[in-house]
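**Q** Just dropping this structure here.
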Amino acid sequence: KNEVEQSPQNLTAQEGEFITINCSYSVGISALHWLQQHPGGGIVSLFMLSSGKKKHGRLIATINIQEKHSSLHITASHPRDSAVYICAVGQGAQKLVFGQGTRLTINP
Amino acid sequence: DAGVIQSPRHEVTEMGQEVTLRCKPISGHDYLFWYRQTMMRGLELLIYFNNNVPIDDSGMPEDRFSAKMPNASFSTLKIQPSEPRDSAVYFCASSSTASSSYTFGSGTRLTVV
Numbered sequence: 001k002n003e004v005e006q007s008p009q010n011l012t013a014q015e016g017e018f019i020t021i022n023c024s025y026s027v028g029i030s031a032l033h034w035l036q037q038h039p040g041g042g043i044v045s046l047f048m049l050s051s052g053k054k055k056h057g058r059l060i061a062t063i064n065i066q067e068k069h070s071s072l073h074i075t076a077s078h079p080r081d082s083a084v085y086i087c088a089v090g091q092g093a094q095k096l097v098f099g100q101g102t103r104l105t106i107n108p
Numbered sequence: 109d110a111g112v113i114q115s116p117r118h119e120v121t122e123m124g125q126e127v128t129l130r131c132k133p134i135s136g137h138d139y140l141f142w143y144r145q146t147m148m149r150g151l152e153l154l155i156y157f158n159n160n161v162p163i164d165d166s167g168m169p170e171d172r173f174s175a176k177m178p179n180a181s182f183s184t185l186k187i188q189p190s191e192p193r194d195s196a197v198y199f200c201a202s203s204s205t206a207s208s209s210y211t212f213g214s215g216t217r218l219t220v221v
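Chains as they are written, first to last, in the working numbering: chain Y, 1 to 108; chain Z, 109 to 221.
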């Protein structure tokens, strides 16, 4: 069993829909990261969380430390949100362990 | 800040050749990480440094891989000799304990033929 599990692996939605991507982890962490990677592109850090909730524009990330679970929400989704979203947990001195990613496609 | 800078962006080489990937971290960041991304295995940590000192190299696949960080502004990942199974995207990242920021470079796409 992977230390970091994401669901779903693939998600297709229509423009404007509310999107939720989930991440569960089985190890102790110092922080949880949500990353975005466009096809053929680099990796962009969206959020780093150790508790509670963070919001940036249309993106919201939450974490429940007791349940070892985090969610990434996208409101009013847009085709430009199409990308792979990766959950990663930081252990100890900030090295990251990654989930397998969720491939999101938003159709116009 | 220009971010984490990696070079080259793309590298195509023949099996058996030496390959050197380069990384310039963000100034002031005290951690530097080398990650590898493949379709089969996703993102994996190869090695990381703290204040230029290697801390954990357990992810380095085998002795053909080596990494150095001679100073706070430069690191290399070397593969010698390269093999087709080394084909992947190699990412360098740096982070700061003080600011809790984490930044990835644009990656080097390595193809070994």
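We put the beta carbon where it would ideally sit given N, CA and C, even for glycine.
Compute every distance between the C-beta of residue 111/Z and the non-hydrogen atoms of the ligand ADP, then say whether any falls below 7 Å.
**A** The ligand ADP is absent from the structure shown, which contains no ligand whatsoever.
**Q** Provide the residue(s) that pair with residue 22/Y in DSSP beta bridges, ordered along the chain.
**A** Numbered from 1 along the first sequence, position 22 holds the residue referred to as residue 22/Y. BP columns for residue 22/Y point to 7/Y, 71/Y.
**Q** Return no unless some Cβ of chain Z is closer than 8 Å to the Cβ of residue 94/Y.
**A** Counting from 1 along the first sequence, the entry for residue 94/Y is found at position 94. Yes, contact with chain Z.
**Q** Distance cutoff 8 Å, beta carbons only. Does residue 198/Z sit that close to anything in chain C?
**A** As a matter of chain content, chain C is missing from the structure shown, whose protein chains are Y and Z.
**Q** Which same chain residues end up closer than 7 Å to residue 16/Y when comparing Cβ atoms and leaving out the 5 residues on each side of it in sequence?
**A** Within the first sequence, residue 16/Y is the residue found at index 16, counting from 1. Within the same chain, residue 16/Y has close Cβ partners 76, 77.
**Q** CB residue 36/Y to CB residue 27/Y, shorter than 8 Å?
**A** The residue given as residue 36/Y occupies position 36 in the first sequence. The residue given as residue 27/Y occupies position 27 in the first sequence. Not closer than 8 Å, so no.
**Q** Taking residue 90/Y and residue 31/Y to be in contact with their CB atoms under 8 Å, please state how far apart those CB atoms are, rounded to whole angstroms.
**A** Here residue 90/Y refers to the residue found at position 90 of the first sequence. Here residue 31/Y refers to the residue found at position 31 of the first sequence. That belief holds up - the Cβ atoms of residue 90/Y and residue 31/Y are roughly 4 Å apart, short of 8 Å.
**Q** Can you name the residues of chain Z whose CB is closer than 8 Å to the CB of residue 42/Y?
**A** Stepping through the first sequence from its first residue, residue 42/Y is reached at position 42. Within chain Z, the residues near residue 42/Y are 199, 212, 213, 214, 215.
**Q** How would you list, in chain order, the residues of chain Y whose beta-carbon sits under 7 Å from the beta-carbon of residue 164/Z?
**A** Taking the second sequence and counting its residues from 1, the one referred to as residue 164/Z is at position 56. Simply 95.
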